[in-house]
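Heads up, the thing below is written out as structure tokens.
2 protein chains.
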Amino acid sequence: MIPTERRTEYKRKPREERWSELLNVAAQVIYEKGYRAASLQEISDRLGIMKGSLYYYIRSKEDILFAVLQNIHEIGLANVTSLAGQGGTAIERLRRVIRGHILFIAEHLVDTTIFLHEMKALPADRQKEILGGTTSYPKLFRQLIAEGQEEGSIRGALDTELTATIVLGSLNSTYRWMRAGDVEAAERIAAHFGEILISGLIAEDEAL
Amino acid sequence: MIPTERRTEYKRKPREERWSELLNVAAQVIYEKGYRAASLQEISDRLGIMKGSLYYYIRSKEDILFAVLQNIHEIGLANVTSLAGQGGTAIERLRRVIRGHILFIAEHLVDTTIFLHEMKALPADRQKEILGGTTSYPKLFRQLIAEGQEEGSIRGALDTELTATIVLGSLNSTYRWMRAGDVEAAERIAAHFGEILISGLIAEDEAL
Numbered sequence: 091m092i093p094t095e096r097r098t099e100y101k102r103k104p105r106e107e108r109w110s111e112l113l114n115v116a117a118q119v120i121y122e123k124g125y126r127a128a129s130l131q132e133i134s135d136r137l138g139i140m141k142g143s144l145y146y147y148i149r150s151k152e153d154i155l156f157a158v159l160q161n162i163h164e165i166g167l168a169n170v171t172s173l174a175g176q177g178g179t180a181i182e183r184l185r186r187v188i189r190g191h192i193l194f195i196a197e198h199l200v201d202t203t204i205f206l207h208e209m210k211a212l213p214a215d216r217q218k219e220i221l222g223g224t225t226s227y228p229k230l231f232r233q234l235i236a237e238g239q240e241e242g243s244i245r246g247a248l249d250t251e252l253t254a255t256i257v258l259g260s261l262n263s264t265y266r267w268m269r270a271g272d273v274e275a276a277e278r279i280a281a282h283f284g285e286i287l288i289s290g291l292i293a294e295d296e297a298l
Numbered sequence: 091m092i093p094t095e096r097r098t099e100y101k102r103k104p105r106e107e108r109w110s111e112l113l114n115v116a117a118q119v120i121y122e123k124g125y126r127a128a129s130l131q132e133i134s135d136r137l138g139i140m141k142g143s144l145y146y147y148i149r150s151k152e153d154i155l156f157a158v159l160q161n162i163h164e165i166g167l168a169n170v171t172s173l174a175g176q177g178g179t180a181i182e183r184l185r186r187v188i189r190g191h192i193l194f195i196a197e198h199l200v201d202t203t204i205f206l207h208e209m210k211a212l213p214a215d216r217q218k219e220i221l222g223g224t225t226s227y228p229k230l231f232r233q234l235i236a237e238g239q240e241e242g243s244i245r246g247a248l249d250t251e252l253t254a255t256i257v258l259g260s261l262n263s264t265y266r267w268m269r270a271g272d273v274e275a276a277e278r279i280a281a282h283f284g285e286i287l288i289s290g291l292i293a294e295d296e297a298l
């Protein structure tokens with residue numbers, strides 16, 4: 091049985107704050123158990139509310155996953171879009187985006203992991219609702235690399251799309267081994283990625 | 091009900107061939123459904139045998155996962171170990187390993203995906219039985235990068251261990267978007283990785 095005072099405390103908070111707390115707790119449960127095995131019962135237990143009270147916020151477990159994925163995608167994409175737009179050569183902007191994306195992953199490791207693991211658990215139309223905007227991670231990286239190739243700083247022999255996929259996929263792969271919230275480690279990882287990838291992209295052309 | 095002739099056909103094959111077929115079919119089911127949701131019933135249905143017959147080969151679903159992961163780890167590690175041992179400078183060997191590992195992932199995409207997703211589903215002692223040998227992927231990449239730094243071809247300012255983790259993690263991340271068995275695409279991906287990573291590692295030192 092859940093203590094009444096915890097329930098009361100939860101209910102006393104403003105609705106927006108409770109929604110945000112619900113998403114954080116749900117994300118943690120999904121992160122630990124995987125989406126399939128995560129249960130509304132466990133989420134409500136950890137929140138200290140009755141399971142039935144969840145239906146005041148959501149209609150289904152899928153609604154929670156959708157909200158978590160939509161939120162992390164939106165703030166992550168806003169982060170790299172802002173960094174890419176802050177001026178400088180394409181190389182300077184790409185270096186800034188690489189660093190900022192790594193720091194973002196470290197800061198949002200739970201939600202990023204869910205984003206990279208559980209998107210397929212959503213129906214196609216809800217995936218599209220999240221990913222189908224006019225901007226996207228792949229587009230942003232493609233554009234930066236294309237601009238670098240136009241300005242002559244990134245080697246023209248590299249396939250723009252494949253290179254963007256490799257760069258973005260390599261950065262994202264850090265979620266598998268990064269420690270959450272270790273900012274110092276994240277800065278070192280970002281510096282290494284910046285050096286290796288940027289040097290790799292700007293090196294002189296060889297036949298591929 | 092499973093047709094008798096398929097059962098008979100399966101039973102008529104040599105034991106080693108049936109075991110190998112069992113692992114292939116099981117890997118496909120685990121790949122499609124995830125380990126938790128994969129059932130012995132579905133595996134036996136696809137093999138065209140009675141579920142009870144599976145216990146002639148294994149004691150539990152976990153035994154199948156263990157066998158799939160042990161096998162893919164063993165042949166993958168043998169692949170890169172062989173490539174790393176074929177002579178040349180550290181950079182030449184690293185380039186050969188990068189290409190060979192990408193081609194291996196493309197050729198074994200189902201098993202590689204299971205390896206990268208489901209290892210945690212095994213108990214710690216069985217994980218250790220697979221990963222705890224005297225050689226390992228991380229060790230092999232660390233060693234090649236350390237040798238490159240000793241011979242002066244890879245920048246000394248890069249942290250050996252972190253760089254090895256980045257290189258191996260970046261290569262492995264291709265399982266997320268590579269198409270199975272498309273050798274031509276795999277060769278292009280391998281060429282791009284080789285160019286970007288090798289150029290990135292050998293570029294002149296800057297302060298990190």
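Protein chains in written order, with our numbering: chain A, 91 to 298; chain B, 91 to 298.
By construction, the Cβ of each residue, glycine as well, lies at the ideal position given by its N, Cα and C atoms.
The segment 247 to 259 of chain B makes contact with the segment 252 to 264 of chain A; the number of CB pairs closer than 8 Å reaches 3 or more. Counting along the chain, G238(A) sits inside the alpha helix (DSSP H) bounded by residues Y227 to E240. Contact check for I139(B) and V115(B): beta-carbon distance about 10 Å, past the 8 Å limit, so the pair fails to qualify. Ranked by how close their Cα comes to the Cα of F283(A), the residues S289(B), A280(B) and S110(B) have S289(B) in first place. Against chain B, a Cβ distance below 8 Å from R108(A) picks out nothing, because the smallest value is about 31 Å. If you look at I288(B), you'll find it in the alpha helix (DSSP H) that goes V273 to I292. In the displayed model, A117(A) falls within a helix according to three-state DSSP. Per DSSP, the unbroken alpha helix (DSSP H) holding T250(A) starts and ends at T250 to N262.
Annotation for L130(B): K141, L144 and K151 place their beta carbon closer than 7 Å to its own, counting only its chain and skipping 5 residues before and after. Here the alpha carbon of G271(A) sits roughly 8 Å from the alpha carbon of L199(A). By the beta-carbon neighbour count (other beta carbons within 10 angstroms, threshold 16), T202(B) is buried. Relative to the Cα of A180(B), the nearest Cα in the group R105(B), A293(B) and I244(B) belongs to I244(B).
By the beta-carbon neighbour count (other beta carbons within 10 angstroms, threshold 16), R149(A) is exposed. Interface flag for I220(B) against chain A is unset, since no Cβ pair is found closer than 7 Å. In this structure, the CA atom of L167(B) is about 39 Å from the CA atom of G222(A).
Among the CB atoms of chain A, one or more fall inside 7 Å of the CB of L252(B). Around the beta-carbon of R232(B), 16 or more other beta-carbon atoms lie within 10 Å, marking it buried.
At a Cβ-Cβ threshold of 7 Å, I192(B) and A281(B) do not count as neighbours. Closer than 8 Å at the C-beta level to chain B, one finds no residue of the segment 143 to 155 of chain A.
Separation of A128(B) and V119(B) (C-alpha to C-alpha, rounded to the nearest whole angstrom) is 6 Å. Along the segment 257 to 268 of chain B, going in chain order, the ones with a CB nearer than 7 Å to a CB of chain A are G259, S260, N262, S263, T264, R266 and W267. Scanning its chain for C-beta atoms nearer than 7 Å, with the 5 sequence neighbours on each side dropped, one finds around E237(A) the residues A180, in chain order.
Residues M209 of the same chain have their beta carbon placed closer than 7 Å to that of Q217(B), with the five preceding and five following residues left out of the count. For L287(B), a Cβ of chain A is located within less than 7 Å of the residue's own Cβ.
Considered as a whole, the segment 129 to 169 of chain A harbours 130 to 137 as its complete alpha helix (DSSP H) runs of no fewer than 4 residues, in chain order.
Annotated three-state conformation of T202(B) is helix, per DSSP. Residue environment analysis places E285(B) among the buried positions, since at least 16 neighbouring C-beta atoms fall within 10 angstroms of its C-beta.
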